[in-house]
Every structure is written in structure tokens, then in C-alpha cells.
Amino acid sequence: MLSGLANPRQAAVQLMNFGLILSTAFMMWKGLSVITDSPSPIVVVLSGSMEPAFQRGDLLFLWNRNVVAETSVGEIVVYNVKGKDIPIVHRIVRKFGKGPEAKLLTKGDNNVSDDTELYASGQDYLVRKDIIGSVFAYIPFVGYVTILLSEHPWLKTVMLGLMGLVVVLQRE
Amino acid sequence: MASTEKITVYNVADLRATTDDALLNYLNSLGLRQSHTLLDTRLALGFSAFLLSAACFAWDYKLGFESTKQYTLIAVILYTLLNGALTYWIMFVEQGTIYAGSTKDGKTRIRVISDSKKPQQKGEAPLYKLRVDVEDVKTKKVQKIELERRFSEWFDASGRFVAAPFQTVLAQGIPLVGRLDPKRAVAAAPASGGQGMIKEQFAETPGYTAEILDAIASGLGESSTTAATGFSANQDAGKKRRK
Chain A
1 MLSGLANPRQ AAVQLMNFGL ILSTAFMMWK GLSVITDSPS PIVVVLSGSM
51 EPAFQRGDLL FLWNRNVVAE TSVGEIVVYN VKGKDIPIVH RIVRKFGKGP
101 EAKLLTKGDN NVSDDTELYA SGQDYLVRKD IIGSVFAYIP FVGYVTILLS
151 EHPWLKTVML GLMGLVVVLQ RE
Chain B
1001 MASTEKITVY NVADLRATTD DALLNYLNSL GLRQSHTLLD TRLALGFSAF
1051 LLSAACFAWD YKLGFESTKQ YTLIAVILYT LLNGALTYWI MFVEQGTIYA
1101 GSTKDGKTRI RVISDSKKPQ QKGEAPLYKL RVDVEDVKTK KVQKIELERR
1151 FSEWFDASGR FVAAPFQTVL AQGIPLVGRL DPKRAVAAAP ASGGQGMIKE
1201 QFAETPGYTA EILDAIASGL GESSTTAATG FSANQDAGKK RRK
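Structural data, given as C-alpha cells:
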């Protein structure tokens, strides 16, 4: 395979194939994002605040368009606290008003109190804009790998090492 | 001349890739001019799709999702179209062509499509299939030639590629090549090296040992036996072996 690199065109084709794998994966993610209108259409549950409905490591699929009805009480939504990048998965328990400016209050099923303390200082309620999607489907446990990788960074090195080993062995 | 690189004889993809490269070099060395249009179009499509996705990544990273939603939507649609066009190009236009070119005077065009096939029986060498279209530019007549040979005819037991028998196969199988390389066209037709048995016979009595191949490479052209009707002799030998 290396002899193919002598020809610049062949090398370009090899490079292009590799680049296209990356770009296709990225564009599929972006396509999903655009269809669901959510910046992050698939999230992993990080805490146990929604038990018994969702456990840590569950993979959630989000939909962020209000085609049929407005976001209402009882829906499980994902939102980002202003200024922080951690998505929180909780249920809407109160709604005041109608339309995009309605005030929404959320609470985790497994939490004692509602989310008022979690919101940014000075913010007492969420509005529709803060929500990045409602959960419409989920796969249990599949997302646990990402939790493991972020809590034990050395696992990333081990995984990369294993993948490198597989590639080298395949050549032989 | 024997190449010094060794490849695994059991890896059909490697066998085919090495043979394809050798074919390109051989045809170009005969003075045929290679046309790069097929490959260039593929590169143009692929790279523009990649650049589009890179741009999308850049604006999404810098400006966030909400403000660039519309552009991202357009980018996704365009990317799908480009990728679809690329797939169409590879599947229906290129169709596995490894060489497209013409003679220096531009009167004849040649196109070579290669493929490999697993052997029918266990222990036999895999097959290298070629489809060659030779087109006369003026009359637009296309001569289609199909060749099917075993890789063991030009790879020795240890995986070294030997150019001479391969070039002879091409020169005797494709009249245009035979015209451009008369030396090979009348050379000794290569025996079905190894009689098709890679595992056992390559170990004990290979059809072509490295020494025999080197001898052929150096002393070719003088000691021909079945030479005169080299092309048809080859065809018959091929038919016999396929049983």
C-alpha cells in the first residue's frame, strides 16, 4: 500500500478517503442537529436526578421543534444553565403563561426541591429559548462509555493503544 | 527485473494493488499517455465536499449553532449532493478503471478495468481479471478484451513481483500493447506458474522459482518456443486451466 504513495494523485486519493470519513461523520451529526433544531440532539444522562425514569449512562434522543403543541408540563427536557456547558435533564413541573415567553420551572424526579437553585443567579425561571430539546426516545446504558472516558482519562490512552495495535496487526 | 518489495501472497487486495500499479507503470513506459480526467474529477468532488464540511465545522465552532443554523442546513444539503455525485461517479462512471489513456498520436484510446476473484478451488491462486476497451477514435469502434490470469503467474512464492511474465501476458493479450512492445509480444508464454497450487507446490516445486524468473527477465526474447502465435497459444492455455 505504501508504494501507492509514490504517485501524488494516489496519495491524494488516500488522503481524501480518510478526510471524507471524518467529514461524513461530522455532517451526519450536523444534519441530525438541523433536523431536530437542537445543538446537541443526542445526550448522555450524567446524574441520577431523574431516576427511576433515566439512569446514569442512558442515551437520550432530543427533538426541539414545537410542530403540534407547545412544550408543556410533564415533558422531560434538556437545558443548559446560562454560562455553564453542562446539559441538565429534568421534567417541567410548572408553566406560567403561554407562547415562547412563558415561564417554565423544572425539577428532577429524584430531587427533593425544584431547580431554582440551579439556574443562573437572578434567574428564577426558564423560557423556551433555554431548552435545547425534549426527550422523545432513549437507549439505556449505551452512553456509559463516554462517562467512563471522561471520569477516567487514562482509559482514552488504553483505547487508542488497543486500536493502534489492531491496525498494526492487520497490516501483517 | 524483480522488485525487491515482498508482499503477502495470501492478501488478494495487496496482490491486486501491486499488479495494478505495475500495469500503470508498464503502459506509461510504452509511451501511452495517461489521461487523469477520471481521477481528477473524483478528487475535485471529494475535496470540495471535505472543504465544505471543514467550513461548516469552522463557523459552527466560532459562532455557535443557533446563529448559523441556516448556513448549516444549506451546507448539509450541498454535502449530501456532492457525496451522492461522488458515489455515482465512482460506481457508474469509473467502474473500477485503473488506467485510461491514449496513444501518442491520439488515434487510439485505451481503458483498463481490473478486478480480482477468489479461486474456485481451495489451494489455487486467486485470479486477476482485466477488461480492456480499445477504441479507435476515428471509427469509434471499441474492441473489448477480457483477460483472466492467476496471480501466481507473475508473483513468486515469496511474494515478489516479477515484471517480465506480467508484461508478456499484457503484450500477448492486448494487441495494442503487443504493437507497442514487440519484444514481449513474441516472448515465451509464461507457464501457469505453480500449477495453481499455492500452498503445497509453492513450498516444494514452484512453477517459478526466483532464479527462473530472474533468468527469464535477463534473457528474454531470444529463446522463445511457442512464440509465433503467442496470443492464441495463450488463450488456449487459459481455457484449459479454467477447468
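Those sequence lines, one after another, are chains A and B.
Quick note, the first sequence lines up with residues 1 to 172 if you use our numbering.
Quick note, the second sequence lines up with residues 1001 to 1243 if you use our numbering.
All residues carry an ideal CB built from backbone N, CA and C; glycine is no exception.
Predicted model only: the values in this text are computed from it and were never measured.
Distance CB(B:N1083)-CB(A:L20) smaller than 9 angstroms: yes
Which residues bound the beta strand (DSSP E) around A:P87? P87 to F96
Assuming B:S1102 contacts B:S1035 (C-beta within less than 8 angstroms), just tell me the rounded distance between them. 7 angstroms
Kindly say whether B:T1037, judged by its beta-carbon, lies nearer than 9 angstroms to any beta-carbon of chain D. Among the chains of the structure shown, chain D does not appear; the protein chains present are A and B.
Straight-line CA distance for A:H152 to A:V166? 22 angstroms
For the alpha helix (DSSP H) that contains B:S1029, what are its first and last residues? V1012 to S1029
Same chain, Cβ closer than 6 angstroms to A:M1, five either side skipped, listed in chain order: Caution is warranted here: a pLDDT of 43 is assigned to A:M1, below 50, making its placement in the model unreliable, and no coordinate value can be reported.
Below 8 angstroms on C-beta distance, what does A:P39 contact in chain B? G1064, F1065 and E1066
Provide the residue(s) that pair with B:S1116 in DSSP beta bridges, ordered along the chain. B:Y1128
Inter-residue Cα distance where the pair is B:F959 and B:I1077: Coverage of chain B is limited to positions 1001 through 1243, which leaves residue 959 of chain B absent and any answer about it impossible.
Using the Cα positions of B:D1060 and A:K30, report the straight-line distance between them to the nearest angstrom. 9 angstroms
Select from A:V168, A:H90, A:N111 and A:A137 the residue whose C-alpha is nearest the C-alpha of A:T36. A:A137
For the beta strand (DSSP E) that contains A:G133, what are its first and last residues? I131 to I139
From the DSSP output, which residues share a beta bridge with A:L62? A:V135
Provide the residue(s) that pair with B:D1156 in DSSP beta bridges, ordered along the chain. DSSP output for B:D1156 lists no bridge partner at all.
Listed in chain order, which residues of the region 1071–1083 of chain B have Cβ atoms closer than 8 angstroms to some Cβ of chain A? T1072, L1073, A1075, V1076, Y1079, T1080 and N1083
A:W154 burial status per 10 Å Cβ neighbour count (16 or more: buried): exposed
Is DSSP giving B:V1169 helix, strand or coil here? helix
Does the Cβ of B:I1074 have 16 or more other Cβ atoms within 10 Å, making it buried, or fewer, making it exposed? exposed
With distance defined between alpha-carbon atoms, name the residue in B:F1166, B:A1125, B:L1170 and B:K1129 nearest to B:I1113. B:K1129
Identify, in the order they occur along the chain, each residue of the same chain with its Cβ nearer than 8 angstroms to the Cβ of A:I42, setting aside the five sequence neighbours on each side. L32, L59, L60, F61 and L62
Round the Cβ separation of B:V1137 and B:I1110 to the nearest angstrom and send it over; I've been treating them as touching at under 8 angstroms. So it is not a contact: roughly 11 angstroms between Cβ atoms.
Just to confirm, is the Cβ distance from B:L1180 to B:F1151 under 9 angstroms? no
Nearest-angstrom beta carbon gap, A:P87 and A:R128 [assumed within contact, 8 angstroms]: Rounded, the Cβ-Cβ distance is 16 angstroms, inconsistent with contact.
Any C-beta of chain B under 9 angstroms from that of A:K30: yes
Name, please, each residue of chain A whose Cβ falls closer than 7 angstroms to the Cβ of B:G1046. M16 and L20
Inter-residue CB distance, A:A69 and B:L1043 (contact presumed, cutoff 8 angstroms): The Cβ separation is near 49 angstroms, so there is no contact.
Can a CB atom of chain B be found closer than 9 angstroms to the CB of A:R128? no
Just checking: is the beta-carbon of A:A102 within a distance shorter than 9 angstroms of some beta-carbon in chain B? no
Determine the DSSP secondary structure at A:F18, reduced to helix, strand or coil. helix
Of all the options A:I92, A:Y144 and A:S72, which has the alpha carbon lying nearest to the alpha carbon of A:R56? A:Y144
Between the region 107–117 of chain A and the region 48–55 of chain A, do three or more beta carbon pairs fall short of 8 angstroms? yes
Contact set between B:L1043 and chain A, taken where Cβ atoms lie within less than 9 angstroms: R9, A12, V13 and M16
Tell me where the beta strand (DSSP E) around B:Q1070 begins and ends. Note, B:Q1070: premise wrong, no beta strand (DSSP E); alpha helix (DSSP H) at F1065 to Y1088.
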